[in-house]
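Student: Just dropping this structure here.
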Amino acid sequence: MLFKLLFISFLGLLSFTFNAFAIEDLPISASVFGTLGIAQSSDNDVYFRSKTTLPRGVDGSWSFENDSKLGIQVSYEPSEKISATVQVLTELNVDDNYKPSVEWGYLTYRPNENLSFRLGRTVFPTFMASDYSNVGFTYLPVRMPHDVYSLVPFSGVDGVDFIYDTNIGKTYLQIQALAAQRDFDIYNEGPEKTSYELRDGYGLRVTLKRGNWSASAGYLRGRLEVDAPELDILAPLLRSAALFYPEFGLLADELDDEGKTSFTSFGLQYSDNRFSISGEYVQRRWDVNMNV
Numbered sequence: 006m007l008f009k010l011l012f013i014s015f016l017g018l019l020s021f022t023f024n025a026f027a028i029e030d031l032p033i034s035a036s037v038f039g040t041l042g043i044a045q046s047s048d049n050d051v052y053f054r055s056k057t058t059l060p061r062g063v064d065g066s067w068s069f070e071n072d073s074k075l076g077i078q079v080s081y082e083p084s085e086k087i088s089a090t091v092q093v094l095t096e097l098n099v100d101d102n103y104k105p106s107v108e109w110g111y112l113t114y115r116p117n118e119n120l121s122f123r124l125g126r127t128v129f130p131t132f133m134a135s136d137y138s139n140v141g142f143t144y145l146p147v148r149m150p151h152d153v154y155s156l157v158p159f160s161g162v163d164g165v166d167f168i169y170d171t172n173i174g175k176t177y178l179q180i181q182a183l184a185a186q187r188d189f190d191i192y193n194e195g196p197e198k199t200s201y202e203l204r205d206g207y208g209l210r211v212t213l214k215r216g217n218w219s220a221s222a223g224y225l226r227g228r229l230e231v232d233a234p235e236l237d238i239l240a241p242l243l244r245s246a247a248l249f250y251p252e253f254g255l256l257a258d259e260l261d262d263e264g265k266t267s268f269t270s271f272g273l274q275y276s277d278n279r280f281s282i283s284g285e286y287v288q289r290r291w292d293v294n295m296n297v
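Residues in the sequence shown are numbered from 6 upward in steps of one, following my numbering.
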């Protein structure tokens with residue numbers, strides 16, 4: 006009965022960012038951003054979580070846990086070709102505490118004005134708002150659409166990427182390619198979290214901007230493993246039993262704890278001084294059991 010839910014939040018009104026400091030004659034700068042969000046559900050029997058990494062959702066009582074966050078980003082740029090960036094964020098996390106986590110942490114090398122290489126934890130470029138999804142005042146909704154943006158339960162990946170951008174006439178073109186991995190935990194069903202490992206990931210994203218229009222398309226593919234020791238014991242037993250009862254083989258396949266995964270996305274946006282309209286299509290595929 007999701008249509009019965011009513012969520013009220015001051016997320017957009019209480020989001021902020023400001024430059025914390027910039028040291029004169031030193032190539033160091035920092036900025037602070039945050040959101041103070043309060044939410045409530047009109048149905049006590051239905052709990053809403055804005056992300057699958059949250060240990061619990063909001064019910065009929067007002068709560069600041071669903072959307073509130075505080076972050077800081079520090080950049081060090083000793084030369085035009087080399088820089089380092091770190092972004093630390095604190096919010097309610099999968100371990101039910103507010104321990105700060107490193108969302109971004111990478112080195113950048115720019116051999117020329119059109120090309121850059123990055124090494125470390127960088128943005129996972131799935132959505133149009135991936136670069137600023139943690140900064141609430143940069144987008145119009147109270148929160149980005151949950152049914153789309155919750156498909157990827159993390160904002161950064163560990164690896165290497167390169168970004169090429171240029172102008173072709175009046176059109177801006179950016180191409181990003183990456184190879185990455187990431188460990189993450191989410192809540193699927195019930196109060197217990199499940200650990201996953203994304204390995205051998207590779208992807209490509211293309212962005213076009215012209216006038217008030219912007220469009221993007223992206224694809225990432227990799228191998229996904231679920232950390233579920235009980236499956237390591239049960240699945241081989243079922244495959245052994247399948248020698249006599251073939252239906253057990255099908256059940257073992259459904260309990261597989263390793264398989265391929267992919268993310269495909271398309272986005273289109275129009276924005277001027279009066280209107281802003283955007284839409285995204287995202288498809289997530291994986292052939293590994295997620296409900297463990």
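Ideal Cβ positions, reconstructed from N, Cα and C, are used throughout, including at glycine. Only a predicted model underlies this, so the values are computations on that prediction, with no experimental measurement involved.
(1) By the DSSP assignment, the beta strand (DSSP E) with residue 169 in it spans what residues?
(2) Using CA atoms only, rank isn't needed, just tell me which of 274, 287 and 168 is closest to residue 216.
(3) Which class does residue 137 belong to by DSSP, given the choice of helix, strand or coil?
(4) Is it buried or exposed, residue 212, if we count other Cβ atoms within 10 angstroms and call 16 or more buried?
(5) I'd like to check one pair, residue 186 with residue 209: are the Cβ atoms closer than 8 Å?
(6) With a threshold of 8 Å on Cβ separation, who are the neighbours of residue 218 within its own chain once the five nearest residues in sequence on each side are excluded?
(7) Taking 8 Å as the threshold (C-beta atoms), are residue 127 and residue 98 in contact?
(8) Using a Cβ-Cβ cut-off of 7 Å (strictly less than) and excluding sequence neighbours within five positions of residue 130, which residues of its own chain qualify?
(9) With DSSP as the reference, identify every bridge partner of residue 210, one or two as the case may be.
(10) Report buried or exposed for residue 16, applying the criterion of at least 16 other Cβ atoms within 10 angstroms of its Cβ.
(11) Buried or exposed for residue 143, please, with buried defined as at least 16 other CB atoms from any protein chain shown within 10 angstroms of its CB.
(12) Please determine if the segment 105-117 and the segment 149-156 are in contact, where contact requires at least 3 C-beta pairs separated by less than 8 Å.
(13) Distance, Cα to Cα, residue 190 vs residue 174?
(14) Sorted by chain position, which residues of the same chain lie with C-beta nearer than 7 Å to residue 81's C-beta, five sequence neighbours on each side aside?
(15) CB residue 62 to CB residue 54, shorter than 8 Å?
(16) How would you call residue 225, buried or exposed, if buried means at least 16 neighbouring beta carbons within 10 angstroms?
(17) Rounded to whole angstroms, what's the CA-CA distance from residue 104 to residue 74? Just pull it up for me.
(18) Looking at the structure shown, is residue 143 part of a helix, part of a strand, or coil, going by DSSP?
(19) Rounded to whole angstroms, how far is the Cβ of residue 184 from the Cβ of residue 206, which I believe are closer than 8 Å?
(20) Who does residue 120 pair with in a DSSP beta bridge?
(21) Straight-line CA distance for residue 140 to residue 249?
Tutor: According to the structure data:
(1) 161-173
(2) Checked all of 274, 287 and 168; the closest Cα to residue 216 is 274.
(3) If DSSP states are grouped into helix, strand and coil, residue 137 belongs with the helices.
(4) buried
(5) No.
(6) 273, 274 and 275
(7) no
(8) Excluding positions up to five away in sequence, the list reads 181, 210 and 223.
(9) Residue 210 is bridged by DSSP to 181 and 223.
(10) Low local confidence applies: a pLDDT of 42 at residue 16 is under 50, so the model's placement there is unreliable, with the coordinate-based value given in what follows. Answer is buried; the Cβ neighbour count reaches 16.
(11) exposed
(12) no
(13) 44 Å
(14) Excluding positions up to five away in sequence, the list reads 32, 33, 88 and 89.
(15) yes
(16) buried
(17) The alpha-carbon atoms of residue 104 and residue 74 are separated by roughly 11 Å.
(18) helix
(19) That pair is a contact at about 7 Å.
(20) 117 and 169
(21) Between the alpha carbons of residue 140 and residue 249 lies a gap of roughly 56 Å.
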